[in-house]
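Here the protein sequences come in this chain order: V and G. Numbers given in this note's numbering equal positions in the first sequence, counted from 1, plus 1. Numbers given in this note's numbering equal positions in the second sequence, counted from 1, plus 326. Encoded as structure tokens, the structure appears first; notes follow it.
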Amino acid sequence: MALVHIDALHKHFGSNHVLKGIDLDIEEGQVIALIGRSGSGKSTLLRTINGLESFDDGCIEVDGERIHPHETDLRALRQKVGMVFQQFNLFPHLTAGQNVMLATRIVKKMPDAEARDLAKAMLLKVGLQDKFDAYPDQLSGGQQQRVAIARALAMQPRVLLCDEITSALDPELVNEVLAVVKNLAAEGITLIMVTHEMRFAREVGDKLVFMYQGRIHEAGDPQELFANPQTPELASFIGSIN
Amino acid sequence: MAYAFDFASVLEYREVLVDGTLKTLALTAIGTFFGLAVGILGAVSRAWKLAPFDRFFTVYVELIRNTPFLVQLFFIFFGLPSLGVQINEWQAAILAMVINLGAYTTEIIRAGIEATPKGQIEAAQSLAMGRAQIFRHVVLPPALLKVWPAICSQVVIVMLGSSVCSQIAAEELTFAANFIQSRNFRAFETYFVVTGMYFLLAIAVRQVMIQAGQRLIARRVK
């Protein structure tokens, strides 16, 4: 049984049919790279997996937690699915440590000392153990994004969604974030990432999913797809990136 | 013709002035505490369109912002007893101040809430936080911080406005002034002193509010 199972997923934004029947199975420990042009539906697909976008038809199941169209109670699902955003979205009034602790304390009702220890461990994992008391505006973009990763990991999700997490970073800060993600992949965390970092997708990804006009146009082993794209659309997309 | 000032005749009544000042401050403190509570409830109801409360608060805000405070006070003090609700001058004064400040702070705090970046809320949702938790921990503190200077100004306005409570015989500072000048017939000196007292009170209240904001909601003193 796949960890994430997506079945015949459809979504409309008004009259715009953005997801036209997505079927996707993701096994535990896999790293999935979602690629495609802007407007192809890749971010929307990612956001439906933790309920930030509703969908109109089909079904999503994560670790036995099944959601249907227009589901409103998504908290059980969201305990299993973490997310990291392009714009970091740290809470500006809280320190890095407090950002990481907040949800474990109030959602998981973890005692304060335990939540603090866990937050320290998570910040250590992303190499920011000395920034526990720093506020977001005292951190660089790359550091903020690593805190955001630590914050998501503290909830011990079964799957981590990454939505273009290096797109808002200065070029010299991209690698420190990718290095953290690479470590997570090596630890066996299941990752689904929308990315424009093709080299990274090829190196770290177990499966490449190319989206085109609301459909999965091509999917498979990243090395093979990059070397031998089967469709002209993927070939032209790879060409436009390189 | 030279006017001979006689401040000694005002100072004779210093106990009355101190008592009035304390009552003005007490009215302001209680009015601010509950007024802000009303403002937070009103702001979230309107900003997040929590039916049916959003409609109630819309009507309430318009009603209060478009009528004079004195009329609101009379409405409560003379109106409620007609409905069988017994109310003394202090209860009426506090209620009027809470209702008045609540309406203005509803609008002020709403602006702060609406300025919350959408990504902050999505991040909180993705951490499985519920709506109330998101409001309490993610939305409200930065929102209050952003609009705190406007809230401080509004509290000072309400404190100065509390002078009209003398009209229903609440013995606050303006009532004390009326009382003193009716005894010593030194209206100029009396109001001279009381004007100075209000001025200093306003500055003090603003400073206390700014400090309180930094202690309670600001993460650090800049």
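Each residue gets a CB set at the ideal place from its N, CA and C atoms; glycine is no exception. Every value quoted in this text rests on a predicted model; they were computed, and no experiment measured them.
- Counting other Cβ atoms within 10 Å of its Cβ, residue 2 (chain V) stays below 16 and is therefore classed as exposed.
- By the 16-neighbour rule on beta-carbons within 10 angstroms, residue 118 (chain V) is exposed.
- If you check the CB distance, residue 210 (chain V) and residue 220 (chain V) come in under 7 angstroms.
- Secondary structure within the stretch 6-75 of chain V: the alpha helix (DSSP H) runs of 4 or more consecutive residues, fully enclosed, are 43-49 (chain order).
- Per DSSP, residue 220 (chain V) is one residue of the beta strand (DSSP E) stretching across 216-221.
- Contacts between residue 84 (chain V) and chain G, judged by CB atoms closer than 7 angstroms, involve 452 in chain order.
- When 7 angstroms is used as the limit between beta carbons, residue 468 (chain G) is near these residues of chain V: 93 and 94, in chain order.
- Taking 3 residues as the minimum length, the beta strand (DSSP E) runs contained wholly in the stretch 67-117 of chain V are 82-85, in order along the chain.
- Counting along the chain, residue 472 (chain G) sits inside the alpha helix (DSSP H) bounded by residues 466-487.
- The continuous alpha helix (DSSP H) containing residue 431 (chain G) extends over residues 415-440.
- Going by C-alpha positions, residue 127 (chain V) is about 18 angstroms away from residue 105 (chain V).
- Taking a cut-off of 8 angstroms on C-beta distances, the stretch 442-458 of chain G does not touch the stretch 482-489 of chain G, as fewer than three cross pairs fall below it.
- In the structure shown, the three-state DSSP call for residue 164 (chain V) is strand.
- The three-state secondary structure of residue 523 (chain G), taken from DSSP, is helix.
- Per DSSP, residue 382 (chain G) is one residue of the alpha helix (DSSP H) stretching across 379-391.
- In chain order, 336 place their CB closer than 6 angstroms to the CB of residue 519 (chain G), counting only its own chain and leaving out the 5 sequence neighbours on each side.
- Residue 212 (chain V): not part of any alpha helix (DSSP H); member of the beta strand (DSSP E) spanning 208-213, first to last residue.
- Counting C-beta atoms within 10 angstroms of its own C-beta, residue 198 (chain V) has 16 or more neighbours from the protein chains shown and is therefore classed as buried.
- In chain order, 92 make up the part of chain V whose C-beta sits under 7 angstroms from the C-beta of residue 464 (chain G).
- For residue 215 (chain V), the closest alpha carbon among the candidates V:162, V:6 and V:24 is that of V:24.
- Look at residue 192 (chain V) here: in three-state DSSP terms it is strand.
- A distance below 6 angstroms between beta-carbons, with the five flanking residues on each side excluded, links residue 510 (chain G) to the following residues of its chain, in chain order: 335.
- Residues of chain V with a Cβ closer than 8 angstroms to the Cβ of residue 459 (chain G) are, in chain order, 107 and 108.
- Using beta-carbon distances, residue 145 (chain V) does not count as an interface residue toward chain G, since no partner is under 7 angstroms.
- Put simply, the backbone Cα of residue 205 (chain V) is about 54 angstroms away from that of residue 383 (chain G).
- When DSSP states are grouped into helix, strand and coil, residue 339 (chain G) belongs to the coil group.
- Think of a sphere of 9 angstroms around the beta carbon of residue 487 (chain G): no beta carbon from chain V falls inside it, the nearest being about 31 angstroms out.
- In the DSSP assignment, residue 409 (chain G) falls outside any alpha helix (DSSP H) and carries neither an H nor an E.
- Put simply, the CB of residue 537 (chain G) is far from chain V, with every gap to its CB atoms at 7 angstroms or more.
- Within chain G, the residues placing a beta-carbon under 9 angstroms from that of residue 79 (chain V) are 451, 452, 453, 454 and 455, ordered along the chain.
- Bounds of the alpha helix (DSSP H) holding residue 233 (chain V) are 233-242.
- Among the residues facing chain V, residue 410 (chain G) is not included, as its CB has no counterpart in that chain under 7 angstroms away.
- DSSP places residue 511 (chain G) outside both helix and strand once states are collapsed to three, so it counts as coil.
- In the pairwise beta carbon analysis, the stretch 535-543 of chain G is classified as touching the stretch 465-481 of chain G: at least three pairs are separated by under 8 angstroms.
- Using a CB distance cut-off of 7 angstroms, residue 129 (chain V) does not count as an interface residue toward chain G.
- Collapsing the DSSP output to three states places residue 463 (chain G) in a helix.
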